[in-house]
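In the numbering used here, the protein residues as written are 195 to 687.
Cβ atoms here follow ideal geometry from the backbone N, Cα and C, with glycine treated the same way.
Written out below as structure tokens is the structure these notes cover.
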Amino acid sequence: MQVEIQSGNLVEQTVDALVLGVAPGRALDGDAAVVDERLLGALKQALEDNEFSGKVGSTLVIPTLGQIPAKRIVVTGTGDAQGRRAQDLTRAWGRAARAARESGARTVASAAPPTVADGLVASFRAATEGVVLALYRFLAYRTVDLPNKEVDAFAFVDARADAHTGIEIGNAIAQGTCVARDLGNMPPDILYPETLALRAQEIALANDLSCIIYDREALEKMGAAAIVAVGKGSERDPRLIHLTYKPRGESRGTIAFVGKGITFDTGGMSLKPGGGMEEMKFDMCGGGAVLGAMSALPALDLPYTVHGIVAGAENMPSGTAYRPGDILHTLNGKTIEIISTDAEGRLVLADALTYTSRLGVDAMIDLATLTGASVVALGDEGTSVFSSDDALADEILGAARWNAELMWHMPLWEEYKKQLKGSYADLRNSGGRPGGAIFAALFLQEFIEGTPWAHLDIAGPAWNTKETDLAPAGASGHGVRTLLTLLMNRAAG
């Protein structure tokens with residue numbers, strides 16, 4: 195859905211629900227005071243009776259009993275004004291949107307969110323993202339027991355220019371995240387390398403992006419044998435996807451986002467255990483995040499040339515599959531001894547990173563559900579950040595903090611490189627289980643050809659096993675908001 199802006203008087207809106215933000219321990223003011231007056235003090239009384247805390251994440255639904263045109267009030271806690279962050283408003287309005295939906299509201303009008311330190315635009319952006327992300331559902335393949343409660347329209351009642359700007363930005367970023375979620379949630383019999391490429395072409399066409407797709411024959415001719423090898427066990431051939439966004443005015447630089455697009459990962463000949471293998475449809479969430487971010491760029495009108503590269507393959511066991519012991523020749527000429535065919539993501543990224551570096555970009559950031567070791571280190575919500583450039587890593591971490599996407603800068607210890615040396619080739623594709631996330635990142639570093647680079651191992655937060663404040667169970671779209679925030683921060687100087 196798209197959040198809208200509405201003119202007029204909040205208390206006169208004929209809607210199913212009004213959203214009001216309330217801080218802890220404060221007298222009602224602004225729109226909340228006006229509503230309370232029209233309700234003859236019933237709002238304040240309800241907050242007291244229910245011991246409403248005003249903390250971020252708290253909500254309360256109050257019927258208006260016909261005293262105003264809106265049928266109910268949804269109060270959402272905004273937290274203490276001191277130290278309030280944009281991410282708090284994202285969560286607060288996400289929880290409010292969910293509470294409105296669960297109460298049966300189909301049309302919702304909201305008061306303006308409080309202004310955070312980053313300004314009014316940031317406040318509306320954050321709140322808008324919360325609404326869109328929290329109301330997201332993936333129902334494409336549901337035919338029975340469909341939800342009968344849905345919010346059809348959500349609008350902020352505010353005529354200020356900064357409100358309009360913030361809502362536009364929030365809609366674009368949240369919609370890009372939802373694109374990534376949709377791709378990640380699709381079943382692997384529907385989304386495989388060829389159809390992933392078709393989806394990328396649709397995104398390009400809808401958003402005026404250029405698009406190049408390399409099929410298996412083109413990849414073989416190019417010399418991207420690692421991508422080809424990973425896809426050899428499947429009847430569905432691999433693809434390399436390249437989208438490009440160019441700004442309307444002069445470009446202030448070039449950056450690339452590179453995504454792992456393994457549409458299903460059995461582990462290949464190094465077969466995974468059967469339990470939980472259905473989740474391996476999410477192994478393309480890095481590629482989904484890249485395509486989601488690319489879809490949002492035109493609406494944000496950012497002054498950078500951005501390349502979106504996705505290496506797509508299906509890792510399957512068969513008589514034609516690559517094997518442990520095989521030696522692969524990569525696009526940059528290095529050879530790789532295969533220790534485990536279940537360490538396939540770094541193989542497709544090796545060729546993708548080399549391809550991207552040769553575009554002459556100023557920097558590149560890859561996203562991949564790469565290692566279980568990252569989950570062991572940082573848990574289900576943490577992303578491991580590795581980088582050849584500390585300034586780039588700092589940019590990423592700053593953008594992630596704004597969005598409350600948990601990321602941590604991890605080391606690239608030179609001393610570990612010796613464990614990646616192959617017995618029969620230049621490199622081996624696995625350095626062992628201890629420190630596995632570091633070994634994977636060090637492996638990728640062999641293919642960046644001097645380009646400033648960062649690697650985001652999103653194996654933990656790429657999908658949720660249960661509902662969160664901002665997402666249902668399933669693909670989370672993690673990383674999209676951080677990538678776009680990084681570019682916006684750069685543009686703001």
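Residue range of the beta strand (DSSP E) that includes residue i
i	result
MET558	557-562
LYS454	448-459
VAL408	The amino acid at residue 408 is misidentified as Val; the sequence shows Tyr. Taken as a continuous stretch (DSSP letters only), the beta strand (DSSP E) holding TYR408 covers 404-408.
TYR549	Note, TYR549: premise wrong, no beta strand (DSSP E); alpha helix (DSSP H) at 539-551.
TRP602	601-603
ALA507	499-509
THR514	No beta strand (DSSP E) holds THR514; DSSP gives it neither H nor E.
GLY271	266-271
Beta carbon of residue i nearer than 8 Å to that of residue j
i	j	result
GLY630	GLN613	no
ILE199	ILE361	yes
SER297	ARG266	yes
SER489	SER624	no
HIS501	LEU553	yes
ILE530	LEU621	yes
TRP607	ILE590	no
ALA240	VAL302	no
GLY468	LEU561	no
ARG433	PRO497	no
LEU525	TYR549	yes
VAL228	ARG285	no
LEU390	THR457	yes
ALA349	VAL216	no
ASP230	LEU237	yes
ALA598	GLN276	no
ALA507	VAL424	yes
ASN401	PRO492	yes
ILE642	SER568	no
VAL351	GLY219	no
VAL542	ALA420	yes
ASP356	LEU314	yes
Assigned exposure category for residue i - 16 Cβ within 10 Å defines buried
i	result
TRP647	buried
GLN369	buried
PRO263	exposed
VAL579	buried
SER404	exposed
TYR408	buried
VAL422	buried
LYS343	exposed
Opening and closing residue of the alpha helix (DSSP H) in which residue i lies
i	result
LEU377	355-379
ILE397	387-400
TRP647	Looking at the DSSP string, TRP647 is not in any alpha helix (DSSP H); the run it does join, the beta strand (DSSP E), is 647-651.
ALA571	566-572
THR337	No alpha helix (DSSP H) holds THR337; DSSP gives it neither H nor E.
LEU234	Here LEU234 belongs to no alpha helix (DSSP H), and DSSP marks it neither H nor E.
ILE632	630-639
PHE318	314-329
SER489	479-494
VAL422	419-425
ILE590	584-597
Chain-order list of residues whose beta-carbon lies under 6 Å from that of residue i (same chain, five-residue window excluded)
i	result
MET682	none
THR448	THR499, VAL555 and ASP556
LEU600	GLU575 and GLY576
VAL692	Within the shown structure, residues of the chain are numbered from 195 to 687, placing residue 692 beyond reach of any answer.
ILE559	PHE451 and ALA648
ILE363	ARG319
ALA398	CYS405 and LEU437
GLY566	none
Cβ neighbours of residue i in the same chain (closer than 7 Å, five flanking residues each side left out)
i	result
ASP536	GLY461, GLY462, SER464 and LYS466
GLY189	Outside the displayed range of the chain (195 to 687) lies residue 189, so it cannot be described from this structure.
PHE637	ARG540, LEU614, LEU621 and ASN623
LYS426	THR514, ALA515 and TYR516
GLY573	GLY654
LYS611	LEU636
ALA587	VAL579, SER581, HIS603 and ALA648
Sequence-distant residues of its chain with Cβ nearer than 8 Å to residue i (five each side left out)
i	result
PRO341	ARG331 and LEU333
GLU206	ILE262 and PRO263
GLU473	TRP657
CB contact check: residue i to chain B, cutoff 8 Å
i	result
GLN281	Of the chains in the structure shown, none is chain B; there is only one protein chain.
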